[in-house]
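In my numbering, the protein residues as written are 5 to 142.
Glycine is no exception: its CB is placed at the ideal position from the N, C-alpha and C atoms.
The block underneath contains the structure these notes are about, expressed in structure tokens.
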Amino acid sequence: MTALLLVAGLLAGPTLSPERSYEERHVASALAREGLVEASLLESLGRELAFVRVVRFDVFREGELIPPFFNVLRWLTVPPVIQRELLLAPGDRYNPAKALESERNLRRLRIFQLVTSRAVKDADGRLGLLVVTRDLWS
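Pasting the structure below:
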């Protein structure tokens with residue numbers, strides 16, 4: 005039953021809330037930076053992941069209230085800290101429940117203000133997982 009509700013929620017698509025807008029801006033930036041496009045649930049479900057990419061954003065970004073200069077006062081979370089919490093790796097079959105659980109694992113660390121993941125495709129059509137994080141001041 006839970007899996008059915010999860011799939012129904014994923015197929016319903018995004019909601020129009022301020023938080024979603026904030027998240028989608030970061031996802032769009034990460035997709036552009038990595039040269040990837042989002043894959044639909046139907047084309048990704050059960051397919052083998054060719055890669056997992058982690059895109060990390062600093063606490064402060066250009067165009068926000070506090071200038072990004074202050075990022076020099078702290079380090080970005082290192083990729084191994086993020087990767088050890090992921091339940092999906094290259095070679096695994098894409099499973100949205102595992103992707104969501106990976107997000108929960110990362111949020112439990114309480115060092116991120118944003119954590120999200122997406123099934124993506126690269127220019128060659130290979131399926132991958134994109135994990136986007138934005139550090140929290142700590």
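If you draw a straight line from the C-alpha of residue i to the C-alpha of residue j, how long is it?
i, j, result
"S121", "L133", "7 angstroms"
"A103", "L69", "32 angstroms"
"R112", "A54", "27 angstroms"
"A93", "T137", "17 angstroms"
"E52", "Y26", "29 angstroms"
"D139", "D128", "31 angstroms"
"F74", "R65", "10 angstroms"
"A101", "L45", "12 angstroms"
Please state the DSSP three-state secondary structure of residue i.
i, result
"A12", "Because A12 carries a pLDDT of 40, less than 50, the predicted location of this residue cannot be relied on, and the following value inherits that uncertainty. Note: A12 maps to helix in three-state DSSP."
"R111", "helix"
"E105", "helix"
"A123", "strand"
"L140", "coil"
"L46", "helix"
"T19", "Residue placement at T19 is poorly supported in this model, since its pLDDT is 43, which falls under 50; the coordinates still yield a value, given next. Here T19 sits in coil by DSSP."
"L118", "strand"
Assuming residue i contacts residue j (C-beta within less than 8 angstroms), just tell me the rounded distance between them.
i, j, result
"V56", "V135", "7 angstroms"
Tell me which same chain residues have a C-beta within less than 8 angstroms of the C-beta of residue i, skipping the five on either side of it?
i, result
"W141", "V63 and R78"
Just checking: is the beta-carbon of residue i within a distance shorter than 7 angstroms of some beta-carbon in chain E?
i, result
"V41", "No chain E is part of this structure, which consists of one protein chain only."
- Can you list, in chain order, the stretches of the alpha helix (DSSP H) that have 4 or more residues and sit fully within the stretch 54-98? 83-87
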